[in-house]
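Residue numbering for the sequence shown is 2 to 262, as defined by the working numbering. Worksheet: one structure, shown below.
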Amino acid sequence: MATADPFEVRMRFSSQLQHLNASITSAQKAAQYAMKYKDMDEDLHSCILEQLEKTSMNTRANIMYFLEHLLEMASKERNNDYVRMMQRDIIRVVDAVCPEDGSGVANVKVVRKVLQSLMNKSILLEQTVAEIEACLRERDTSADVGFSSPVNGDDASRSRNGNGTATANRLDKRQIEQRIEEDRERHKRMRESMWAVPGNIEDEAMKLWEETSELGEDDHILGAEEWEEFQREMEASKCHHLRARDAAAAAAAAANGALPH
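Structural data, given as C-alpha cells:
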C-alpha cells in the first residue's frame, strides 16, 4: 500500500485547522483526518501546536473545541499517543489559547469547558485541571480586553502592561462579529441538546443530513484516495485462482485487440 506524502498530509491538516468553525462537523472531520494518519501523530501534533501559536484568537478557540473531539476519538480507539502528547503539552496549549497578556481573555470560558470535559472523560487528571484553573483565574478579568475598543488611542491599549503587547492579538471588528456568531451557534446547539428527546431513525437521518457540511474539494480528494486504497487492498487480498482468472481474461482480451476491463 502506498504511503501518503507527509508534507501533503501536514499541509491539508493545517488547512483544516485554519478553517475550523462553530460546527461540530468541521471539528469531527479534522479529528477523523488526524486519526486516519495516526502513524504521523507526532508531526500532526506539532502542527496543532504551530497553528495554535500563529492563528487568530477565534481560530484558537475553535482548535480547542477540536481537541476535545480528537482526544475523545483517540481515547475510544485506544490511540494513546495523541492523548499522551496532549497531556504533556496541555499547559502550552492553554497558554496559546488564552495568553497571560490578556489578549485571549474571551477564550477562558472555552478552555474551562474543554478541560472540564476532558477531565470527566478521564483524559486529563483532576489535579492537572485544578492547577490550570488557578492560572485561568488570574487571566479571567472582568473587562474583556479582547473585545473592548481603545478610547484614547495607544494610551488605552497600553494600559494593561505599558508597552502595548496586550493588544498584539486584539480582535478586529470582523473577528469580533465572527466570534459572536460562532458563540451564538454553539449556545444554540447546547440549548437544543438540553431539550433533545430520542427520535426515530428517520428523524436522526434528517438531523445528520442537515448538520453535514457541503461536499468540498478536500472531500473529493479524500474519497478518491480512499477508493484507490480500497482497490489496492482488494487486489492484494485476491486468491491465486482469481488472479489467474483475471490474467487469463486480460491475455484473451489483448489477443482479440480489445482493452481489458
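C-beta atoms are modelled at their ideal positions from N, C-alpha and C, and glycine is treated no differently.
Just to confirm the assignment: which complete alpha helix (DSSP H) runs, minimum length 4, are found wholly within the segment 7–95? 7–19, 25–37, 42–55 and 58–77
GLU229 in three-state terms, based on DSSP: helix
What separation, rounded to the nearest whole angstrom, lies between the Cα atoms of GLN17 and SER27? Rounded to whole angstroms, the gap between the alpha carbons of GLN17 and SER27 is 8 Å.
Integer Cβ distance of ILE91 from THR129, believed to fall under 8 Å: 7 Å
Mapping the DSSP letters down to three states, classify ALA248 as helix, strand or coil. helix
Contact check, VAL111 vs GLY105, beta carbons under 7 Å: no
Note down the Cα distance separating ASN80 from ILE25, rounded to an integer number of angstroms. 21 Å
Buried or exposed for HIS20, please, with buried defined as at least 16 other CB atoms from any protein chain shown within 10 angstroms of its CB. exposed
With a cut-off of 8 Å on the beta carbons, I'd call MET58 and ALA23 a contact; round off their distance for me. That pair is no contact at about 14 Å.
Express the C-alpha separation of ARG138 and ALA131 in angstroms, rounding to a whole number. 11 Å
Alpha carbon to alpha carbon, how far is ASP40 from ARG233? Give it in angstroms, no decimals. 19 Å
Considering only the alpha carbon of each residue, which of MET87, SER76 and ASP247 lies closest to ILE49? The residue with the shortest Cα to Cα distance from ILE49 is MET87.
First and last residue of the uninterrupted alpha helix (DSSP H) at LEU116: 109–121
Cβ of MET120 within 7 Å of Cβ of MET74? no
According to DSSP, simplified to helix, strand and coil, what is LEU243? In the three-state scheme derived from DSSP, where H, G and I count as helix and E and B as strand, LEU243 is classed as helix.
Within this structure, are the beta carbons of ASP141 and VAL115 separated by less than 7 Å? no
Please list, in chain order, all residues of the same chain as ALA62 whose beta carbon is under 6 Å from its beta carbon, the five residues on each side excluded. ASN108 and VAL111
Could you tell me the alpha carbon to alpha carbon distance between GLU134 and ARG93, rounded to whole angstroms? 14 Å
What residue from HIS221, CYS136, ALA248 and ALA253 has the CA that sits closest to GLY101's CA? For the sequence presented, residue 101 should be read as Glu rather than Gly. Checking every option, the nearest Cα to that of GLU101 belongs to CYS136.
From this set, ALA252, ILE64, TYR66 and SER123, which residue's C-alpha is nearest VAL84's C-alpha? SER123
With a threshold of 6 Å on Cβ separation, who are the neighbours of LEU125 within its own chain once the five nearest residues in sequence on each side are excluded? LEU119
Would LEU72 pass as a contact of ILE64 if the rule is Cβ separation under 7 Å? no
Where do the N-terminal and C-terminal ends of the alpha helix (DSSP H) with CYS136 fall, by residue? Unbroken alpha helix (DSSP H) run through CYS136: 127–140.
Chain-order list of residues whose beta-carbon lies under 8 Å from that of GLU43 (same chain, five-residue window excluded): ASP82 and MET86
In terms of alpha-carbon separation, which member of GLN29, TYR38, GLN33 and ALA256 lies closest to VAL10? TYR38
DSSP on ASP219, reduced to helix/strand/coil? Helix, per DSSP.
Measure how close the beta-carbons of PHE8 and TYR34 come, nearest whole angstrom, since I'm counting them as under 8 Å. Between TYR34 and PHE8 the Cβ distance is about 15 Å, and since that is not below 8 Å, they are no contact.
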